[in-house]
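Undergrad: Before I ask anything, let me first share the structure, which is written out below as structure tokens.
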Amino acid sequence: MKDAELVCRMLGYPGVQEYITTNFTPVKGIIWLRYVGCTGRESSIADCSHGGWGNSYCYHGEDVGVTSIQEINV
1 MKDAELVCRM LGYPGVQEYI TTNFTPVKGI IWLRYVGCTG RESSIADCSH
51 GGWGNSYCYH GEDVGVTSIQ EINV
């Protein structure tokens with residue numbers, strides 16, 4: 001969850017919504033990062049531990065997604 005929180009914060013969103021699904025749109029192309037591990041103190045996902053940029057032996061069945069939430073003023 002720390003990884004998702006960091007991505008949302010990088011994009012300017014205050015929070016993240018967690019849910020589990022296997023309903024991702026099939027994609028093709030390079031998988032840029034694998035084994036990403038964030039503590040939550042990083043300022044960028046590039047600062048998290050990972051297996052190297054573009055150095056991936058993963059397949060798209062292991063893809064993940066992030067849903068960021070916006071702050072709502074009532």
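For the sequence shown, the residue numbers in UniProt numbering are 1 to 74.
The beta carbon of each residue, even a glycine, is placed where N, CA and C say it ideally should be.
From a predicted model like this one, the values you see are computed outputs, not experimental measurements.
With 16 other CB atoms within 10 Å as the buried threshold, where does Cys58 fall?
TA: Per the 10 Å Cβ criterion, exposed.
Undergrad: Please state if the CB of Gly61 and the CB of Asp32 are separated by a distance shorter than 7 Å.
TA: It is worth fixing the name first, because residue 32 is Trp in this sequence and not Asp. Taking 7 Å as the Cβ cut-off, Trp32 and Gly61 do not qualify as a contacting pair.
Undergrad: Who are the Cβ neighbours of Val36 in its own chain at under 6 Å, not counting the five residues just before and after it?
TA: Correct list, in chain order: Asp3, Cys48 and His50.
Undergrad: Can you check which of these residues, Arg34, Asp63, Tyr13 and Thr39, is closest to Met1 by C-alpha distance?
TA: Answer by Cα proximity: Thr39.
Undergrad: State yes or no: is the beta carbon of Glu62 nearer than 7 Å to at least one beta carbon in chain D?
TA: Protein chain content of the structure displayed is limited to a single chain, and chain D is not contained in it.
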